[in-house]
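What follows is a short report on a single structure.
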Amino acid sequence: MKLKICGMKHLDNILEVGALLPDYMGFIFWEKSARYFDGTIPELIKTIKKTGVFVDETVENIMSKIDKYHLQTVQLHGKESVAFCQELKAKIDGRIDINTEIIKVFSVDESFDFSVLEPYEKVCHYFLFDTKGKLPGGNGTTFDWKILENYKSEKPLFLSGGIGIEEIPMIKDLKIPIYAIDVNSKFEIEPGLKNTSLLKKFQKKLKPATLNPKQLYNEL
């Protein structure tokens, strides 16, 4: 499994977390979020995919952020339609200077209908499941992961929603393959400021500690 650390905000903390070599690092471009990012992203190791998180944003503004921050991944965390995703994908595919992936997020509860995923299959690279709550994300709670047994798509899956160290045994017991784990609020000192010591502890418990950090995070 790969690791995505989301909700980054502060320059020094971005560098500290970057030293852990996560596969993805998320920056939230939704102004209503306590983790809203409007700063400068320092130079990061090339293996870390800078991910822009958007909520019902326009294609033009997303493309502007891709250009400004050299985003390798876009995460759509709102109610973006299939047509919207297709338009964004066409814009990205039409550019020879970028190769940006699209993650489409779905808020999940016990009544989630997995059939809604099918039209999105051809317009995004990944699906991400987060807990349905008052906010588009960052609610800090998990959903009942047993519902994922109904997931029949072959699209790589990100798992999000209140994931902390306590959830590791349940992650390991999941019966479906998880492409990446997305963590955020359970590892914060305050919104946007990550506890790197806690992230390291999470890493050690999730994977054997016999590998060096670079190997560890490339395989997570």
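Letter by letter, the sequence shown follows residues 15 to 234 of our numbering. Built from N, CA and C at the ideal position, the CB exists for glycine as well. In this text the structure is predicted, and so the values were computed from the model without any measurement.
- Listed in chain order, the beta strand (DSSP E) runs fully inside the stretch 54-92 are 63-68, 87-90, counting runs of at least 3 residues.
- With respect to lysine 63, aspartate 37 sits close: the two C-beta atoms are nearer than 9 Å.
- Here DSSP, grouped into helix, strand and coil, assigns glycine 108 to coil.
- Using a C-beta cut-off of 8 Å, the stretch 94-111 makes no contact with the stretch 153-165, since fewer than three inter-stretch Cβ pairs fall below that distance.
- Note on geometry: alpha-carbon atoms of lysine 23 and tyrosine 50 lie some 7 Å from one another.
- DSSP lists no beta-bridge partner residue for lysine 169.
- A direct Cα-Cα distance of roughly 18 Å separates proline 56 from valine 67.
- Counting only the Cα atoms, leucine 35 lies some 8 Å from threonine 61.
- Taking isoleucine 117 as the centre and dropping the five residues before and after it, the same chain places the C-beta of Thr65, Thr87, Val88, Gln89, Leu90, Cys138, His139, Tyr140, Phe141, Leu142, Phe172 closer than 8 Å to its C-beta, in chain order.
- A straight line joining the alpha-carbon of isoleucine 110 with that of isoleucine 76 spans about 17 Å.
- Cβ neighbours of isoleucine 80 within its own chain (closer than 8 Å, five residues either side excluded): Gly66, Val88, Ile106, Ile112, Thr114.
- In its chain, beyond the 5 residues on either side, Leu90, Ile116, Lys118, Tyr134, Val137, Cys138 have a beta carbon closer than 8 Å to the beta carbon of cysteine 99.
- For aspartate 26, the three-state secondary structure derived from DSSP is helix.
- When the five nearest sequence neighbours on each side are left out, the beta carbons in the same chain lying within less than 8 Å of the beta carbon of valine 31 are those of Ile19, Met22, Met39, Lys208, Thr210, Leu213, in order along the chain.
- Going by DSSP, serine 211 is part of the alpha helix (DSSP H) stretching over 210-220.
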